[in-house]
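*Asks:*
2 protein chains.
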Amino acid sequence: MVNHSRLGEFDLIREYMRPLTLAASGAALLNDDAAVLPTKDGHHLVVTMDTLLSDIHFFENTPPHLIAAKSLRVNISDLASMGADPAYYTLSLSLPSDGEFKYDADWLSRFSQGLAIEQELYDITLVGGDTVSTPGPLSITITAFGWVKTGQAIMRSGATVGDLVYVSGTIGDAWLGLSALRGNFLELKPPSLEFVTDSYHRPQPRLDLGQQLFGVANSAIDISDGLVQDLGHICRASKVSATIKTCNIPLSGPACMLVADNSQLINSLISGGDDYELLFTVPKKSDKTISNIAKKLDLPLSQIGLIGPSNLNHSVTIHDEEGTEIDLTSAGYQHF
Amino acid sequence: MVNHSRLGEFDLIREYMRPLTLAASGAALLNDDAAVLPTKDGHHLVVTMDTLLSDIHFFENTPPHLIAAKSLRVNISDLASMGADPAYYTLSLSLPSDGEFKYDADWLSRFSQGLAIEQELYDITLVGGDTVSTPGPLSITITAFGWVKTGQAIMRSGATVGDLVYVSGTIGDAWLGLSALRGNFLELKPPSLEFVTDSYHRPQPRLDLGQQLFGVANSAIDISDGLVQDLGHICRASKVSATIKTCNIPLSGPACMLVADNSQLINSLISGGDDYELLFTVPKKSDKTISNIAKKLDLPLSQIGLIGPSNLNHSVTIHDEEGTEIDLTSAGYQHF
């Protein structure tokens with residue numbers, strides 16, 4: 001049932017992808033059924049997989065190098081949250097088979113060039129994959145592998161009552177970027193507009209931070225679903241609850257400006273997702289260590305809340321500036 | 337842009353998949369961003385990835401446990417062709433989001449039960465993955481990992497002039513099964529019909545054979561595209577050519593019967609694909625070793641041809657029973 005008429009095209013795709021495998025001799029230039037890769041003594045293998053679909057996870061008209069960047073970075077961010085060091089990835093491309101073939105040689109060339117840039121940035125190498133023709137939308141599945149020193153992976157499940165909740169960078173910029181791409185927040189001036197859309201297109205996996213957090217953080221996660229939802233994931237895995245204060249949420253200049261005009265916007269910023277910042281919990285005694293890491297990495301690390309005892313829903317309580325509890329569910333935020 | 341209204345459903349999916357991870361403590365019950373897995377001393381990691389789409393790689397109405405079987409087995413077959421031992425896999429499910437949700441709890445339950453059976457059979461464990469909602473067809477991407485003793489992987493690129501070409505099992509049954517599912521070969525009686533459709537639905541990865549071939553075979557590949565096409569892959573990777581004789585192709589009872597009625601059918605059987613038998617080349621002196629392996633494994637291993645010197649296209653020449661060369665390309669077989 002394979003669409004054999006497209007196999008010639010798939011050979012073409014392989015030609016574009018082949019140069020990306022040069023750093024991994026075991027990938028045998030995508031010639032074999034599988035890649036054969038050396039392991040790393042004293043390390044565990046860390047594996048993550050994410051699928052991105054056109055018009056669900058990125059806009060169809062997104063430049064190919066940015067689709068490549070996002071597809072790879074959301075996976076690298078998962079590795080970062082575990083404290084792992086990226087090594088390899090496999091890529092499955094499902095290319096739309098509709099008449100007008102917009103995923104042509106030019107698109108593939110720009111997509112593979114985008115991957116090449118990311119590989120250089122994050123020291124990760126393509127080692128295999130698959131390409132199929134689909135009547136559905138463009139779909140990109142990446143499985144990424146990294147190494148973490150044995151016993152040094154940071155899990156979601158280690159949060160402890162009394163832990164301080166920290167987050168890296170600023171929150172909500174990617175959601176603003178997505179909203180701007182949809183035609184909202186037209187009051188944003190060009191540099192701010194570029195900043196938020198770039199935050200959406202090119203998340204910054206916090207690899208250095210993840211690797212510094214071993215022995216310091218009790219739990220960590222990268223923010224993909226939204227700060228509140230992902231803190232909920234930590235709470236459920238760790239069987240604890242959490243309280244955060246919106247006034248402690250770190251915001252970028254553009255986000256600050258918009259929240260100053262509309263204070264309700266903070267609710268969207270903390271539940272919009274796609275931040276790919278690290279959210280982590282540390283024992284109270286480690287707050288000095290965290291400020292040292294922040295200085296060393298030149299990366300803001302903000303304390304936004306506290307871990308409390310288990311409650312029925314392992315839930316996250318949010319307080320606004322006046323200390324009033326915010327109920328995001330009633331505001332239509334179903335996704336946590 | 338995530339379809340948040342479906343996240344509840346995805347939690348449900350996770351509930352079905354969670355029990356499949358029990359054998360891998362590092363998968364942390366699908367709770368974490370990534371799985372943390374032990375490596376194996378003295379072994380290399382073998383990685384393969386395949387995507388299967390509804391109505392391209394399987395019929396939409398295929399029972400879910402058979403979709404599970406095929407999706408996993410085509411990947412395990414890639415591991416088998418390298419001589420690797422299966423260990424883990426990740427799974428990305430893209431579930432159609434159309435109104436009538438046929439991929440409901442019942443479907444998911446039967447799909448995950450199918451995976452559970454395969455896991456038991458092949459000693460492989462789910463360690464992570466992703467689930468997305470798609471406007472396209474059901475799509476299943478699996479990345480499978482195995483271990484091979486360092487330096488003992490068998491590649492496509494080792495075929496040497498003078499090598500004998502061997503194939504395991506029988507060829508063309510899966511293609512007959514696919515054709516039967518499309519309503520052809522109605523002359524096949526129930527037991528034969530079941531045999532060929534089962535060959536299509538549940539390929540038998542030749543793991544034991546792959547592991548026996550180290551030190552014996554110079555090259556190996558599993559037959560997914562078709563015997564002739566996959567032999568072409570070996571030729572191109574090894575910079576050699578090959579000649580095979582159709583009278584040496586091992587056929588099952590049902591295939592024999594059909595070829596007796598229509599001798600042209602052999603061309604479809606050797607180019608139809610989906611066999612997932614191993615195709616491998618060995619030096620002439622090893623023919624005795626191969627018969628011993630065949631006896632030991634109780635698996636037919638048939639010599640079907642010879643490796644010759646490189647020619648321009650690294651091509652495969654096919655001779656029929658009378659020794660006349662068959663030109664499959666002119667017969668409309670574009671896919672090699």
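Protein chains in written order, with this note's numbering: chain R, 1 to 336; chain L, 337 to 672. For each residue, glycine too, the CB sits at the ideal point set by N, CA and C.
1) Using 8 Å as the limit for Cβ to Cβ distance, is L462 of chain L near chain R?
2) Could you give the first and the last residue of the continuous beta strand (DSSP E) run that contains F616 of chain L?
3) Along chain R, in chain order, which residues have C-beta atoms closer than 7 Å to that of V618 of chain L?
4) Counting beta carbon pairs with one atom in the segment 624-633 of chain L and one in the segment 558-567 of chain L, are three or more of them shorter than 8 Å?
5) Listed from N- to C-terminal order along the chain, which residues in the segment 491-514 of chain L have their beta-carbon within a distance smaller than 7 Å of any beta-carbon of chain R?
6) Thinking just about the alpha-carbon of each residue, which of L:C583, L:D534, L:L356 and L:L567 is nearest to the one in T660 of chain L?
7) Need the endpoints of the alpha helix (DSSP H) that V228 of chain R sits in, please.
8) Determine whether the beta carbon atoms of V595 of chain L and I654 of chain L lie at a separation below 8 Å.
9) Please go through the same chain and pick out, in chain order, the residues whose beta-carbon is closer than 6 Å to the beta-carbon of Q303 of chain R, but skip the five residues on each side of it.
10) Who does A242 of chain R pair with in a DSSP beta bridge?
11) Per DSSP, what are the beta-bridge partners of A220 of chain R in this structure?
12) Can you pull the chain L residues whose beta carbon is under 8 Å from the beta carbon of M82 of chain R, in chain order?
13) Looking only at DSSP bridge pairs, what is K35 of chain R linked to?
14) Specify the secondary structure class of A87 of chain R as computed by DSSP and reduced to three states.
15) When you compare the CB of T324 of chain R with every CB in chain L, is at least one pair closer than 8 Å?
16) Count the other CB atoms, across all protein chains shown, that sit within 10 Å of the CB of P19 of chain R; report buried if there are 16 or more and exposed otherwise.
17) Taking all protein chains shown into account, do 16 or more other C-beta atoms lie within 10 angstroms of the C-beta of E530 of chain L, making it buried, or fewer, making it exposed?
18) Tell me whether S574 of chain L is buried or exposed, calling it buried when 16 or more other Cβ atoms sit within 10 Å of its Cβ.
19) For A553 of chain L versus T617 of chain L, is the C-beta distance shorter than 8 Å?
20) Write down the C-beta distance between V316 of chain R and A242 of chain R rounded to the nearest angstrom, noting that I regard them as a contact closer than 8 Å.
21) Per DSSP, what kind of secondary structure is K485 of chain L in: helix, strand or coil?
22) Looking at C-beta atoms only, is the number of pairs between the segment 405-421 of chain L and the segment 542-550 of chain L that lie closer than 8 Å three or more?
23) Kindly say whether S472 of chain L, judged by its beta-carbon, lies nearer than 8 Å to any beta-carbon of chain R.
24) Just the chain L side, please: which residues come within less than 9 Å of I307 of chain R by C-beta, in chain order?
25) So, is N603 of chain L buried or exposed, given that buried needs 16 or more other C-beta atoms within 10 angstroms?
26) Is Y717 of chain L helix, strand or coil when you go by DSSP?
27) Beta-carbon within less than 6 Å of Q264 of chain R's beta-carbon, same chain only, minus the 5 sequence neighbours each way: which residues are those?
28) According to DSSP, T467 of chain L sits in a beta bridge with which residue or residues?
29) Mind checking if G272 of chain R is an interface residue toward chain L, Cβ cutoff 8 Å exclusive?
30) Counting only Cβ pairs nearer than 7 Å, list the residues of chain R close to V484 of chain L.
31) DSSP three-state call for A591 of chain L: helix, strand or coil?
32) Along the alpha helix (DSSP H) that carries L207 of chain R, what are the first and last residues, could you check?
33) Which same chain residues, not among the five before or five after P471 of chain L, have their C-beta less than 7 Å away from its C-beta?
34) Do you know whose CA, among R:G232, R:Q113, R:V36 and R:L79, lies nearest A69 of chain R's CA?
35) Measuring CB to CB, does V743 of chain L end up less than 8 Å from A495 of chain L?
36) Helix, strand or coil for L637 of chain L per DSSP?
*Replies:* Looking at the atomic coordinates:
1) no
2) L614 to V618
3) Those within 7 Å of V618 of chain L in chain R number zero; the least Cβ separation is about 18 Å.
4) no
5) M491, R492, S493 and L514
6) L:C583
7) L227 to S238
8) no
9) L164 and Y166
10) R:I307 and R:V316
11) R:F280
12) D368, D369, A370 and V372
13) Inspection of the sequence shows that residue 35 of chain R is occupied by Ala rather than by Lys. DSSP, once it has assigned bridges, lists L:V383 as partnering A35 of chain R.
14) strand
15) no
16) exposed
17) exposed
18) buried
19) yes
20) 5 Å
21) strand
22) yes
23) Correcting the residue type first, residue 472 of chain L is Gly in the shown sequence and not Ser. Yes - at least one Cβ of chain R is within 8 Å of the one on G472 of chain L.
24) Chain L residues near I307 of chain R: none, gap ~17 Å exceeds 9 Å.
25) buried
26) Here chain L has residues from 337 to 672 only, and residue 717 of chain L is not among them.
27) none
28) L:L429
29) no
30) V36
31) helix
32) L207 to Q212
33) S433
34) R:Q113
35) As displayed, chain L neither begins before 337 nor continues past 672, which places residue 743 of chain L out of reach and without an answer.
36) strand
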